[in-house]
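Participant: First the structure, which I've put down as structure tokens, then a few questions once you've had a look.
In my numbering, the protein residues as written are 48 to 331.
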């Protein structure tokens, strides 16, 4: 997504949110401590976008910041065929959507569980991409990366998304993506992001919709694999990289451990891991 497309998307969403709130530009400006002139430019797609200002505007409009960023909510109508339900979902906060998932699962029962293949959890360097792709190819299943899906929906790189909307924007789109994958009819293999451990709503959807396997490895192996992928940033000029990774593993372990099964990939070839994954996953 180009810069002008991002600006136009934000402009459209701010106009729509202001209309729903019933505010004039002047009134919104007063509530958000933003000049009416800036709002006019913003709603035309001509303003220099500032996350800080957008945050104040979102607060004044009583909406979440991600809801006025590009990509958020644009797939809901395509997924939810019943328009009244789609309209309700579009007005719900993220916390309300997360609670609604649990209620809907009570209504549809087994259709909420294990209908969509397998999902791989774990930190970067555990082997999710390599093992997931090999497993998917062997079984003729599509392989989907949640991270890549978020980038595609946002129309920008993860770095740009975090710069524009922070972790809140990423997690909102991550939630949309996992909901869409969980609603898909076809079985698949999905690779979740390591940070899904910090997005309880998205993790709950994955745990309730897929057969989940936690791919784990020793901290040393994690760093070695990341370096072999050509990314030396975690280690460059950081003598405490290994200690920091160990701490991160400890912090996320309880969430990863919610998966049904675990597979230690330390010292194993991808082929060995796929064979073990087949044994663990069983019929899918």
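The beta-carbon is built from N, C-alpha and C at its ideal position, and this holds for glycine as well.
(1) Are residue 224 and residue 200 close, meaning C-beta to C-beta below 8 Å?
(2) 8 Å is my cut-off, CB to CB: does residue 237 come that close to chain C?
(3) Give me the DSSP bridge partner(s) of residue 150.
(4) For residue 320 and residue 178, what's the separation of their Cα atoms in angstroms?
(5) What are the complete beta strand (DSSP E) segments, minimum 3 residues, inside the stretch 196 to 240?
(6) Is the beta carbon of residue 115 closer than 8 Å to that of residue 258?
(7) Per DSSP, what kind of secondary structure is residue 124 in: helix, strand or coil?
(8) Have a look at 67, 93, 84 and flag the residue whose alpha-carbon is nearest the alpha-carbon of residue 55.
(9) By the 10 Å Cβ neighbour count, where 16 or more other Cβ atoms means buried, how is residue 172 classified, buried or exposed?
(10) Can we say the stretch 230 to 242 touches the stretch 188 to 196, given the rule of at least three CB pairs closer than 8 Å?
(11) From residue 245 to residue 188, what does the alpha carbon distance come to, in whole angstroms?
(12) According to DSSP, residue 71 sits in a beta bridge with which residue or residues?
(13) Do the CB positions of residue 75 and residue 86 come within less than 8 Å of each other?
(14) Nearest to residue 168 by alpha carbon, out of 303, 134, 296, 295?
(15) Just grab the DSSP bridge partners of residue 164 for me.
(16) What are the boundary residues of the beta strand (DSSP E) that residue 262 is part of?
(17) Go through its chain and collect everything with a Cβ distance to residue 234's Cβ below 7 Å, but skip five positions before and after it.
(18) Whole angstroms is fine: what's the gap from residue 318's alpha carbon to residue 180's?
(19) Ends of the beta strand (DSSP E) at residue 191?
Facilitator: Let me spell this out:
(1) yes
(2) Of the chains in the structure shown, none is chain C; there is only one protein chain.
(3) According to DSSP, residue 150 bridges with nothing at all.
(4) 7 Å
(5) 235 to 238
(6) no
(7) Residue placement at residue 124 is flagged as unreliable, the pLDDT there being 48, under the threshold of 50; the coordinate-derived value follows with that caveat. If DSSP states are grouped into helix, strand and coil, residue 124 belongs with the helices.
(8) 93
(9) buried
(10) yes
(11) 28 Å
(12) Partner(s): none; residue 71 has no beta bridge.
(13) yes
(14) 303
(15) 235
(16) 258 to 263
(17) 163, 164, 188, 331
(18) 11 Å
(19) 190 to 192
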